[in-house]
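Asks: The opening residue of the sequence shown carries number 35 in our numbering; numbering runs sequentially from there. Backbone N, C-alpha and C fix where the C-beta goes; we use that ideal spot for every residue, glycine too. Provided herewith is a single structure, encoded as structure tokens, for subsequent inquiry.
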Amino acid sequence: MNINTNPAGTVPVLVDITGNEIHIQELIETTEGLALNDRGVFSLLGTVREAQIAGAREGSLINGWWWESEGYSGEAKTKAAAIAAMLTDADYTQATLTDTIPDLLTGWDGAA
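This is the structure:
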């Protein structure tokens, strides 16, 4: 059974949020679900910060979030929406709790 929960053309990732820095680790799809890439490490995707952004009415400002990633930027009403926009812009999809990530240590007895 091949589990593919990702929109076409996107890469599934684990997301780590440390302060305002957003780090990702790419995953690979297997017949069992998603798994860590053997060369995978967390890398910086971009940053988010709270900011005053333009409101619906001309000249009005609201509290929102500004994101920057790989030369691109945007704004959103919430931190979660800013992170989602950043991931979408870079063609990534965040792995969800229902995605299967096989236990990489199954069968390992600890002996080196």
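1) Is it true that the region 85–93 meets the region 53–66, where meeting means three or more beta-carbon pairs spaced less than 8 Å apart?
2) Write down the C-beta distance between residue 75 and residue 117 rounded to the nearest angstrom, noting that I regard them as a contact closer than 8 Å.
3) Going by DSSP, what residues sit across from residue 82 in a beta bridge?
4) Considering Cα atoms alone, identify which of 96, 120, 62 and 97 is closest to residue 107.
5) Give the range of the beta strand (DSSP E) segment to which residue 64 is assigned.
6) With a threshold of 6 Å on Cβ separation, who are the neighbours of residue 71 within its own chain once the five nearest residues in sequence on each side are excluded?
Replies: Short version:
1) no
2) Position 41 of the sequence shown, counted from the start, is the residue given in the question as residue 75. Position 83 of the sequence shown, counted from the start, is the residue given in the question as residue 117. No, residue 75 and residue 117 are not in contact; Cβ-Cβ is about 20 Å, not under 8 Å.
3) On the sequence shown, position 48 is the one that residue 82 refers to. For residue 82, which the question treats as bridged, DSSP gives the partners 101.
4) Locating residue 107 in the sequence shown gives position 73, counting from the first residue. For residue 107, the nearest C-alpha among the options comes from 120.
5) Here residue 64 refers to the residue found at position 30 of the sequence shown. Where residue 64 is concerned, the enclosing beta strand (DSSP E) stretches over 55–64.
6) Stepping through the sequence shown from its first residue, residue 71 is reached at position 37. So the qualifying residues of the chain are 60 and 62.
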